[in-house]
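Q: Going by this note's numbering, the first residue of the sequence shown is number 4, and it counts up by one from there. Just so it is clear, CB atoms sit at the ideal spot from N, CA and C, and this is done for glycine as well. Since this is a predicted model, take the numbers as computed values, not measurements.
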Amino acid sequence: MGLVVICFLLVATYAMRHAYISTQREVTLSVDGYPLSFRTHQTSVDAFLEEIGIEVNGADIVLPGLHTDLDNRVVIERAKPVILEVDGQVLERYTHSKTVGDFLLETGVALGPHDRITMEGVEVGLEAPLSSRPISVPRGVGKGKAMLLSVNPVSTRRIVIHRSLPLQLFDDGVLTTFSTIAPTVGQALKEHGVLIYLGDRVKPGLGTPVSTGMRVYIERAKPLTILVDGRRIVTRTQAERVKEALEQEGVTLGVRDYTIPDRLTSLTDNMTVQVIRVEEEFVIEEEPIPFETVRRPDRELEIDHWRLAQQGEEGLRRRLIRIRYENGQEKERVMTSEWVAKEPTTEVIAYGGEIVVRELEAPEGPVRYWRKIRMLATSYTAATSGKSRDHPRYGLTYLGWKATKGVIAVDPQVINLGTRMYVPGYGFGTAADTGGAIKGRHIDLAYDEGNLVLWFKWVDVYLLEPVPPLEEIRWILPYWPLER
């Protein structure tokens, strides 16, 4: 009996289930182009979607409508979420627009000619597609069998409208007007290609937010080159004069330093200023003062002998010199004072002033002489004296004597004319002639024509008694010609 009852119940349950399933109908649901088939007893679209756990947004498109009778196909096109930042507002919108331009038109946002649009931080145009960003891993939607309906999630787009503002720029007095979406003055100038150099003044400051009707003033600094201490400083300055520009760069001038151009000169564009460092020093220069040499007679010293009576010493002259250096190079020297630090000492040479008569044993017999002189001896005749035979003074000496053996030509500044002489190898003679080439310690020995003996050698010449008066004696003889 119990088994019968169980069997009856199973049969009844199966019959009921079969009857329930047989009364369901098949519906195809497409979400953003992804289709899936369902069986349902629901008669309306909203009930059907609720049954399978599909939630729709008020901006989503559902065909047929939510509150219509359920047909065998339901299509859902989800709206795209968009965050719109415009004119200081943040708006959240859902849209089915295909492009950014359509979306802005849909939301009633008007654009100015210089406004710009960014989407996800990237500048875009009105024609940019407003598609969802792709996500690589799809996710399921709904519940039950609807979990099999895996579609790309709808991502939120962020669109920012950057309003351009007109800005008037007075660049060193030159007016330029342009529009900008930059948030600050500095960024606006940079985007417009306006370069700001070191030393330029910008009012209002570069960090000031841009506002409607703003005026920006740039006072340009002057480009300047400073040459100082071996360095080349290239800078820009608002200074009016050279002096202020140097102070701005930390260049100090010493008491003697100067600039080219002068430190009070007004600055002009691209001026070069040279700083001249001036240093001075004082030095003492020394110069020797030559000593004089004087000769004095010594009556106790034999003639033609010498001795140093007093040693000569140089003196010393000192000068105080001021030396001026410009950039390390000597520029000038000026003597500020001069004085004799030490007087020179005169050199005194004593020469012999004593006459001593001596006797020479010569082949011709004893010869008494009072002076012996070392001299160069040459020889001549009337024919070699330089006068032609028809000359009225041919063969005559300076004293009018006949040029014959025994006549000796001398320099009267060395040996007085008329002096008796003895020349070894020649014999006795008298100083009775002169000659243009007979100078100093040089004598010319006369010979008779036809009997010339050539001389050219150094010999001792003896001056014979009598001794001439002291005032007629040449105490100091010349040193030339030199014996070789």
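Would you report the Cα separation of L107 and A113, rounded to the nearest angstrom?
A: Residue mapping note: residue 107 aligns to position 104 of the sequence shown, counting from 1. Residue mapping note: residue 113 aligns to position 110 of the sequence shown, counting from 1. So the two alpha carbons sit approximately 7 Å from each other.
Q: For E367, which of helix, strand or coil comes out of DSSP?
A: Residue 367 sits at position 364 when you count from the first residue of the sequence shown. If DSSP states are grouped into helix, strand and coil, E367 belongs with coil.
Q: Of all the options L172, D414, L448 and G124, which has the alpha carbon lying nearest to the alpha carbon of H165?
A: As a working mapping, residue 165 is identified with position 162 in the sequence shown. The shortest Cα separation from H165 among L172, D414, L448 and G124 belongs to G124.
Q: Are L448 and T384 closer than 8 Å when you measure CB to CB?
A: Residue 448 sits at position 445 when you count from the first residue of the sequence shown. Residue 384 sits at position 381 when you count from the first residue of the sequence shown. No, the Cβ-Cβ distance between L448 and T384 is not below 8 Å.
Q: Less than 8 Å between the C-beta atoms of P427 and V462, yes or no?
A: If you number the sequence shown from 1, residue 427 lands on position 424. If you number the sequence shown from 1, residue 462 lands on position 459. Yes; because the gap between Cβ atoms is below 8 Å, this pair is in contact.
Q: Identify the continuous alpha helix (DSSP H) that holds E53 and give its terminal residues.
A: In the sequence shown, counting from the first residue as 1, residue 53 sits at position 50. From DSSP, the alpha helix (DSSP H) with E53 extends over V48 to I55.
Q: My assumption, with CB atoms under 8 Å, is that V78 sits in contact with S33. Please give the rounded CB distance.
A: On the sequence shown, residue 78 is found 75 positions in, with the first residue counted as 1. On the sequence shown, residue 33 is found 30 positions in, with the first residue counted as 1. Correct: roughly 5 Å between the Cβ atoms.
Q: Using a Cβ distance threshold of 8 Å, determine whether the segment 223 to 236 contacts the segment 272 to 280, with at least three qualifying pairs required.
A: With the rule of 3 Cβ pairs closer than 8 Å, the segment 223 to 236 counts as touching the segment 272 to 280.
Q: Cα-Cα, which of L69, Y425, P471 and K460 is closest to G368?
A: The residue labelled residue 368 in the question sits at position 365 within the sequence shown. Measuring from the Cα of G368, the nearest candidate turns out to be Y425.
Q: Counting pairs of Cβ atoms below 8 Å between the segment 466 to 475 and the segment 366 to 381, do you hit three or more?
A: Cβ pair count under 8 Å is three or more, so yes.
Q: Taking contact to mean 3 or more Cβ pairs, one atom from each stretch, closer than 8 Å, check whether the segment 433 to 442 and the segment 402 to 416 are in contact.
A: yes
Q: Considering only C-alpha positions, which residue in the set R320, E252, G233 and P264 is nearest to L201?
A: The residue labelled residue 201 in the question sits at position 198 within the sequence shown. Considering only alpha carbons, the answer is E252.
Q: Return the chain-ordered list of same chain residues with a C-beta closer than 8 Å to the C-beta of Q27, the five sequence neighbours on each side being excluded.
A: If you number the sequence shown from 1, residue 27 lands on position 24. In its chain, beyond the 5 residues on either side, R42, T43 and H44 have a beta carbon closer than 8 Å to the beta carbon of Q27.
Q: Have a look at D90 and S167 and give me their C-alpha separation to the nearest angstrom.
A: What you label residue 90 is simply residue 87 of the sequence shown in a count that begins at 1. What you label residue 167 is simply residue 164 of the sequence shown in a count that begins at 1. The straight-line gap from Cα to Cα measures roughly 11 Å.
Q: Thinking just about the alpha-carbon of each residue, which of L399, N75 and R336 is nearest to the one in S388?
A: Indexing the sequence shown from 1 puts residue 388 at position 385. Minimum Cα distance to S388 is reached at L399.
Q: Taking the continuous beta strand (DSSP E) assigned at E284, which residues delimit it?
A: Taking the sequence shown and counting its residues from 1, the one referred to as residue 284 is at position 281. Under the DSSP assignment, E284 falls in the beta strand (DSSP E) whose first and last residues are V281 to I292.
Q: Am I right that E290 and T349 are in contact with their C-beta atoms under 8 Å? What's the rounded C-beta distance?
A: Position 287 of the sequence shown, counted from the first residue, corresponds to residue 290. Position 346 of the sequence shown, counted from the first residue, corresponds to residue 349. At roughly 18 Å, the Cβ-Cβ gap does not stay under 8 Å, so E290 and T349 are not in contact.
Q: Just the C-alpha distance for D49 and I57, rounded to the nearest angstrom, thanks.
A: If you number the sequence shown from 1, residue 49 lands on position 46. If you number the sequence shown from 1, residue 57 lands on position 54. Roughly 9 Å separates the two Cα atoms.
Q: Assign G143 to one of two classes, buried (16 or more other C-beta atoms within 10 Å of its C-beta) or exposed (fewer than that).
A: Here residue 143 is taken as the residue at index 140 of the sequence shown, counted from 1. In this predicted model, G143 has a pLDDT of only 47, less than 50, meaning its place in the structure is not dependable enough to derive any value.
Q: Strictly by DSSP, which residues pair up with T262?
A: Indexing the sequence shown from 1 puts residue 262 at position 259. Note: T262 sits in a beta bridge opposite V278.
Q: In the DSSP assignment, what are the bridge partners of H2?
A: Limits of the chain in this structure are 4 at one end and 487 at the other, which puts residue 2 out of reach.
Q: Checking 8 Å against the spacing of the C-beta atoms, do L66 and V59 come in under that value?
A: Stepping through the sequence shown from its first residue, residue 66 is reached at position 63. Stepping through the sequence shown from its first residue, residue 59 is reached at position 56. Not in contact: L66 and V59 (Cβ atoms no closer than 8 Å).
Q: Could you pull the start and end residues of the alpha helix (DSSP H) that L168 belongs to?
A: In the sequence shown, residue 168 corresponds to position 165, counting from 1. Segment L168 to D174 is the beta strand (DSSP E) holding L168; no alpha helix (DSSP H) there.
Q: Going by DSSP, what residues sit across from W342 in a beta bridge?
A: Position 339 of the sequence shown, counted from the start, is the residue given in the question as residue 342. Residue pairing from DSSP places W342 in a beta bridge opposite R321.
Q: Taking 7 Å as the limit between beta carbons, can you name the residues of its chain near T110, skipping five residues before and five after?
A: Within the sequence shown, the letter at position 107 stands for residue 110. These residues qualify, in order along the chain: L87 and R96.
Q: Buried or exposed: Y482, going by 16 or more other Cβ atoms within 10 Å of its Cβ?
A: Position 479 of the sequence shown, counting from 1, holds the residue named residue 482. The residue is exposed, with fewer than 16 neighbouring Cβ atoms inside 10 Å.
Q: If you drop the 5 nearest sequence neighbours on each side, which residues of the same chain put their C-beta closer than 7 Å to that of S139?
A: What you label residue 139 is simply residue 136 of the sequence shown in a count that begins at 1. Because the pLDDT of S139 is 39, which lies under 50, any placement of that residue in the model is unreliable, and the question is left without a value.
Q: If you follow the alpha helix (DSSP H) that T110 is part of, which residue opens it and which one closes it?
A: Counting from 1 along the sequence shown, the entry for residue 110 is found at position 107. Where T110 is concerned, the enclosing alpha helix (DSSP H) stretches over V103 to T110.
Q: If you reduce the DSSP assignment to three classes, tell me which class T31 lands in.
A: Within the sequence shown, residue 31 is the residue found at index 28, counting from 1. T31 falls in the strand class under three-state DSSP.
Q: In this structure, does DSSP put T387 in helix, strand or coil?
A: As a working mapping, residue 387 is identified with position 384 in the sequence shown. Three-state DSSP puts T387 in a helix.
Q: Assign D414 to buried or exposed, taking buried as 16 or more other Cβ atoms, counted over all protein chains shown, within 10 Å of its Cβ.
A: Taking the first residue of the sequence shown as 1, we reach residue 414 at position 411. D414 is buried by the Cβ-count criterion.
Q: What's the C-alpha gap between D272 and T215?
A: Taking the sequence shown and counting its residues from 1, one reaches residue 272 at position 269. Taking the sequence shown and counting its residues from 1, one reaches residue 215 at position 212. Computed Cα separation, rounded: 34 Å.
Q: Rounded to whole angstroms, what's the CA-CA distance from Q332 to G315? Just pull it up for me.
A: Taking the sequence shown and counting its residues from 1, one reaches residue 332 at position 329. Taking the sequence shown and counting its residues from 1, one reaches residue 315 at position 312. For Q332 and G315, the distance between alpha carbons rounds to 41 Å.
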